[in-house]
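Just so you know, the sequence shown maps onto residues 52 to 189 in my numbering.
Accompanying notes for the structure given below.
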Amino acid sequence: MDQIDLQILELLKHNARISFSELGRKVNMTQPAVSERVKRLEEKGVITEYRTVLSTEKMGKGVTAFILIQASHCGRLTTFAKQSQEVVEIYQVSGQYNFLMKIETGSMKSLETFIYQCSEYGHTTTMTVLSMPLDQQE
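Shown next as structure tokens:
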């Protein structure tokens, strides 16, 4: 992977819908050359997928929180998380807690309800997001 590949990846990270023509203009290459590079990056597994980034606020999910859980029943917690509409991501982590969940919900009341549901699986600590000073998707 060279500097041009890194430039292409950075541009795609911010706008996966950019045309190959526009991408070529930005990295000083022809459209076919850029298309071939992107195809090669996909084949190598560097680019694994393209995603749509949604506005959580416009979807009625303006509250984001991270919940640390010291789970005693890992399998049950994972099943619960996979079935929950609020859970965006779940990680198994090291340390005092063994799971970290990112959730998006519509209100503080629904967050409270969700935390209560999580308490069935172990001890929880919740951190509510106030702002996001760095968003890599922008």
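From the three backbone atoms N, C-alpha and C, an ideal C-beta is built for every residue, glycine too.
Close beta carbons around Y142, own chain, < 6 angstroms, minus the five adjacent residues each side:
Take Y142, set aside five residues on each side of it, and the residues of its chain with a beta-carbon closer than 6 angstroms to its own are L151, in chain order.
Where does Q136 sit, in a helix, a strand or coil, going by DSSP?
Coil at Q136, not helix or strand.
Through-space distance from F71 to H124, alpha-carbon basis:
In this structure, the straight-line span from the alpha carbon of H124 to that of F71 is close to 48 angstroms.
Output yes or no for whether 7 angstroms exceeds the beta carbon distance between T175 and C169.
Yes.
Could you tell me which residues DSSP pairs with H124 in its beta bridges?
Bridge partners of H124: none, in fact.
Of the choices R102, F131, T115 and V89, whose alpha-carbon is the least far from that of M159?
Measuring from the Cα of M159, the nearest candidate turns out to be T115.
What is the rounded straight-line gap between the Cα of V179 and the Cα of N79?
Correcting the residue type first, residue 179 is Thr in the shown sequence and not Val. In a straight line, the C-alpha of T179 is about 43 angstroms away from that of N79.
What does a CB cutoff of less than 8 angstroms around L62 pick up in its chain, not counting 5 residues either side in sequence?
I69, L74, K77 and V78, listed in sequence order.
If you follow the beta strand (DSSP E) that G173 is part of, which residue opens it and which one closes it?
Bounds of the beta strand (DSSP E) holding G173 are G173 to T179.
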